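J.:
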Amino acid sequence: MVQILSVVAYCHLQGVVHRDLKLENFLFTSKDEHSFLKAIDFGLSDYVKPDERLNDIVGSAYYVAPEVLHRSYGTEADMWSIGVIAYILLCGSRPFWSRTESGIFRAVLKADPSFDEAPWTSLSADSVDFVKR
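The following block contains the structure:
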């Protein structure tokens, strides 16, 4: 997670919002166990100023932020996606699920993932708090 956060922080400092962060868009630079992580697929990325709001609905449904669906977002959309990535890495499943994209969007807008069942009950409070933020 540290490398993911570092990559995204660097992008945001450059005024770039990725807008399609997901596990599939991070690759290791080699097979070495100390390999660096790279973000890929900047096809939906955009430049954004600190006081600017974007309004395009873009990104992968399971990772899209509520702000994107409300058509008013900046770099916080990437932070939401990082939370979804952390959720998946910690528990092995997506926080929202539906058979259709519109159903996924409704679930994202409801934003009510469960943290009361395994494996969440066996994880550290800090891990759970990180994902909830």
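In the UniProt record's numbering, the protein residues as written are 1 to 133. Virtual Cβ for every residue (Gly too), placed ideally from N, Cα, C. Predicted, not measured: the structure shown is a model, and the values here were computed from it.
Can you confirm whether the region 98-111 touches the region 41-54 when touching is taken to mean that 3 or more C-beta pairs between the two stretches lie within less than 8 Å?
T.: No: the two stretches stay apart, fewer than three of their Cβ pairs being nearer than 8 Å.
J.: Relative to the C-alpha of L89, which residue among C11, P119, D78, H12 is closest?
T.: Here residue 89 refers to the residue found at position 89 of the sequence shown. Minimum Cα distance to L89 is reached at P119.
J.: If I measure Cβ to Cβ from K22 and keep anything under 6 Å in the same chain, skipping five residues before and after, which residues do I get?
T.: Translated into the one-based positions of the sequence shown, residue 22 becomes position 22. S60, Y63, listed in sequence order.
J.: Among S124, T29, S81, which residue has its Cα nearest to the Cα of H18?
T.: Counted from its first residue, the sequence shown places residue 18 at position 18. Comparing Cα positions, the closest option is S81.
J.: Do P66 and P95 have their beta-carbon atoms positioned less than 7 Å apart in this structure?
T.: Along the sequence shown, one-based indexing puts residue 95 at 95. Along the sequence shown, one-based indexing puts residue 66 at 66. It is not a contact, given that the beta carbons lie outside the stated cut-off.
J.: Give me the Cβ distance between R53 and S72, rounded to the nearest whole Å; I'm assuming they're in contact under 8 Å.
T.: Locating residue 53 in the sequence shown gives position 53, where the first residue counts as 1. Locating residue 72 in the sequence shown gives position 72, where the first residue counts as 1. With 8 Å as the limit, R53 and S72 qualify as a contact, their Cβ atoms being about 5 Å apart.
J.: Grouping DSSP H, G and I as helix and E and B as strand, with all else coil, what is A39?
T.: One-based indexing of the sequence shown puts residue 39 at position 39. The answer is strand: DSSP assigns A39 an E or B state.
J.: Check D46 in the structure and name its three-state DSSP category.
T.: Residue mapping note: residue 46 aligns to position 46 of the sequence shown, counting from 1. Of the three classes helix, strand and coil, the one that applies to D46 here is strand, per DSSP.
J.: In whole angstroms, give me the CA-to-CA distance for L37 and C11.
T.: The residue you call residue 37 lines up with position 37 of the sequence shown. The residue you call residue 11 lines up with position 11 of the sequence shown. Each residue's Cα considered, the two are about 14 Å apart.
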